[in-house]
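Contents: one structure, followed by commentary.
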């Protein structure tokens, strides 16, 4: 260059790394469909416009879908067949790198019906078991109720707490040689509050027959 001229070399600015799908997961499947989802590094998610999913049988031409979210359902597939899947992110700047190949297989034909039948059978069996347990419980309760002895009037009377107190026996007053001694035996155990004057018999004094406690 001529003397005095200065050359300036502009530093190269590295372009942003294109978003890359890091993993693809199988979320569900039937005999004719696969439900897939995938992830992109969080710092690159804002740059993704949509995704491109390429799938095919191992020996067939590939088909493509472009879902706007990181999940997709691949429809109209063949039962019991393995499919190869790759996913890439699309941005305003272009396409990102493809994910590694993943292989997923649809369910065999009739597998869904068998699974549904198993679920129904299990549900019915559970209901039957619950009903049998309830019936057995009711039977036991009825047997216990029938085996319980019925209470008679005497049982009710003697079951009262005040009737369970010890009873005191007395000798027949007529067996005493001295009637005064028999009278004294009884009257000494009668509370004075239960003795009232009723009537006068002759001139010998007051006769106070006792009243039984209420």
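Residue numbers (the UniProt record's numbering): 1 to 214. Backbone N, C-alpha and C define an ideal beta-carbon position, used for all residues, glycine too.
Looking only at its own chain, which residues have a Cβ that is under 6 Å from the Cβ of residue i, when we skip the five neighbours before and after it?
i           : result
residue 53  : 65, 72 and 87
residue 117 : none
residue 176 : 182
I need the DSSP call for residue i, collapsed to helix, strand or coil.
i           : result
residue 71  : strand
residue 174 : helix
residue 123 : helix
residue 77  : coil
residue 53  : strand
residue 40  : coil
residue 140 : helix
residue 59  : coil
At what residues does the beta strand (DSSP E) containing residue i begin and finish?
i           : result
residue 89  : 82-91
residue 196 : Here residue 196 belongs to no beta strand (DSSP E), and DSSP marks it neither H nor E.
residue 26  : 23-29
residue 104 : 102-105
residue 63  : 63-65
Is the beta carbon of residue i sitting closer than 8 Å to the one on residue j?
i          : j          : result
residue 40 : residue 22 : yes
residue 77 : residue 33 : yes
residue 67 : residue 48 : no
residue 36 : residue 85 : yes
If I measure Cβ to Cβ from residue i and keep anything under 7 Å in the same chain, skipping five residues before and after, which residues do I get?
i          : result
residue 79 : 31, 32, 106, 107, 108 and 109
For residue i, which residues in the same chain have their Cβ closer than 8 Å to its Cβ, ignoring the five residues on either side in sequence?
i           : result
residue 38  : 21, 22, 23, 24, 25, 51, 70, 71, 87 and 99
residue 128 : none
*Determine contact between the stretch 128-139 and the stretch 101-109, defined as no fewer than three beta-carbon pairs at a distance below 8 Å.*
no
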